[in-house]
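Working notes, beginning with the structure itself.
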Amino acid sequence: MPGSNPRFLAKAQGLAADEVFLDLEDSVAPLAKEDARKNVVAALREGDWSGKTVVVRVNDVTTPWAYRDVIEVVEGAGDRLHCVMLPKVQDPSAVTWLDTLLTQIERAVGLPVGRIGIEAQIENAKGLVRIDDIAASSPRLETLVFGPADFMASINMRTLVVGEQPPGYTEGDAYHYILMRILMAARSHDLQAVDGPYLQIHDVDGFRRVAGRAAALGFDGKWVLHPGQIEAANEVFSPSQEDYDHAELVLDAYDYYTTIERRGAVMLGDEMIDEASRKMALVVAAKGRAAGL
Ligand code: GLV
Ligand code: MG
16 MPGSNPRFLA KAQGLAADEV FLDLEDSVAP LAKEDARKNV VAALREGDWS GKTVVVRVND
76 VTTPWAYRDV IEVVEGAGDR LHCVMLPKVQ DPSAVTWLDT LLTQIERAVG LPVGRIGIEA
136 QIENAKGLVR IDDIAASSPR LETLVFGPAD FMASINMRTL VVGEQPPGYT EGDAYHYILM
196 RILMAARSHD LQAVDGPYLQ IHDVDGFRRV AGRAAALGFD GKWVLHPGQI EAANEVFSPS
256 QEDYDHAELV LDAYDYYTTI ERRGAVMLGD EMIDEASRKM ALVVAAKGRA AGL
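In terms of the working numbering, the sequence shown opens at residue 16 and continues consecutively.
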């Protein structure tokens, strides 16, 4: 939600999204940046954000706004904040800068040190090639976020529709490598992997298709830019009832056979299940349980 729009900041509180991020970066015009900080602090202080992960996206470290964004927001409402999102991360030093600044502010205002997490957006080629170092750069890091719009611009991808295949490219999925690279870095450092925005906000089928691609690979979620995308996102990132039921069945059956019958590999209908099947089933079951299936 753009920090420059108090009406949207109020509306965000009632939406069925797991996380809301209040933006000070690219959805806020340069001349509105300072007022946006004040709006964001007021919304965090006065709003009811219960049940949501609450994040503020600050401006990137190469801008003149970044340090004051962090200071004003965390001094003003750090106790209401779960994470700070740092855009256009292309070097681990950007994350360590934010980590150090957060520590200083937490000490100054009496917050527990280390309470505020960091989400890092990977939005250009430089960030992608340094992603393992970035992923290891701070214990505060919780999430790697793909920023497709900035990324496509950074590599000169020849398209104007974010997330869709570039016209003329017929050899598969132009995003596969980038998404997989982010996912591998996230999983190897126990971080979440989140896909970025789909800008054709009225094309919910398009959103569903592009979100489905990230969800199928194993991503944990995707941004929504409009309330109309929320239901589709929640559906796409939750297992189907059928898959969830099957996963619970695998877990129950495997538990029974390994403990009562002491067998490690058994048949469940036409399917052989073993310890690895249990792990796969657990991924689906955990998501289904979290979604209340
Ligand atoms: C998001 O910040 C993007 O650039 O896609
Ligand atoms: Mg961006």
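Even for Gly, the Cβ is constructed at its ideal location relative to N, Cα and C.
Keep in mind it's a predicted model, so treat the numbers as computed, not measured.
If you draw a straight line from the C-alpha of residue i to the C-alpha of residue j, how long is it?
i	j	result
glutamate 90	valine 124	7 Å
valine 55	isoleucine 170	32 Å
isoleucine 275	arginine 173	59 Å
valine 110	leucine 156	8 Å
valine 265	tryptophan 238	31 Å
glutamine 105	leucine 175	23 Å
alanine 262	serine 292	9 Å
alanine 9	asparagine 249	The displayed coordinates of the chain run from 16 to 308. Any statement about residue 9 would go beyond what the structure contains.
valine 225	leucine 232	11 Å
glutamate 49	valine 298	43 Å
alanine 168	lysine 141	13 Å
proline 127	glycine 62	22 Å
arginine 83	alanine 230	35 Å
tryptophan 112	alanine 47	25 Å
proline 154	isoleucine 131	10 Å
aspartate 285	alanine 300	20 Å
glycine 183	glycine 66	44 Å
threonine 185	proline 254	29 Å
methionine 295	asparagine 20	43 Å
histidine 204	isoleucine 146	11 Å
leucine 240	histidine 217	10 Å
alanine 81	asparagine 74	5 Å
tyrosine 192	serine 108	25 Å
Just grab the DSSP bridge partners of residue i for me.
i	result
lysine 237	Asp210
leucine 159	Ala135, Ala208
leucine 101	Ala135
phenylalanine 36	Val70
proline 45	Paired residues: none, contrary to the question.
glutamate 4	Because the chain in this structure spans residues 16 to 308, residue 4 falls outside the shown range and cannot be described.
proline 17	Asp38
Pull up the CB-CB distance for residue i and residue j, whole angstroms please, since I reckon it's below 8 Å.
i	j	result
glutamine 136	valine 160	5 Å
proline 163	glycine 93	Actually they are not in contact, since the Cβ atoms of proline 163 and glycine 93 sit about 30 Å apart, beyond 8 Å.
proline 79	serine 42	At roughly 18 Å, the Cβ-Cβ gap does not stay under 8 Å, so proline 79 and serine 42 are not in contact.
leucine 30	proline 242	6 Å
leucine 269	isoleucine 288	Note that residue 269 is tyrosine in the sequence shown, not leucine. Yes, tyrosine 269 and isoleucine 288 are in contact; Cβ-Cβ is about 6 Å, under 8 Å.
isoleucine 86	isoleucine 120	6 Å
leucine 206	threonine 158	6 Å
aspartate 122	valine 88	Rather than aspartate, the amino acid found at residue 122 in this sequence is arginine. Rounded, the Cβ-Cβ distance is 16 Å, inconsistent with contact.
tyrosine 259	glycine 303	3 Å
Please tell me whether residue i and residue j are closer than 9 Å, where the distance is taken between their beta carbons.
i	j	result
glutamine 256	tyrosine 213	no
alanine 234	phenylalanine 222	Here residue 234 turns out to be phenylalanine, not alanine, going by the sequence shown. No, the Cβ-Cβ distance between phenylalanine 234 and phenylalanine 222 is not below 9 Å.
alanine 247	valine 209	no
glycine 129	threonine 118	yes
arginine 228	aspartate 165	no
glutamate 34	glycine 236	yes
leucine 143	arginine 196	yes
Compute every distance between the C-beta of residue i and the non-hydrogen atoms of the ligand SAM, then say whether any falls below 8 Å.
i	result
lysine 103	In the structure on display, the ligand SAM does not appear, and the ligands it does have are the ligand GLV and the ligand MG.
Looking at chain D, is there any beta carbon in it that lies within less than 9 Å of the beta carbon of residue i?
i	result
methionine 167	Note that chain D does not occur in the displayed structure, where there is just one protein chain.
Is it a yes or a no for the segment 46-66 touching the segment 23-33, going by three-plus beta-carbon pairs under 8 Å? yes
Below 8 Å, can you find three or more Cβ-Cβ pairs linking the segment 61-79 to the segment 95-102? yes
Are at least three pairs of beta-carbons, each pair with one atom in the segment 149-160 and one in the segment 190-206, less than 8 Å apart? yes
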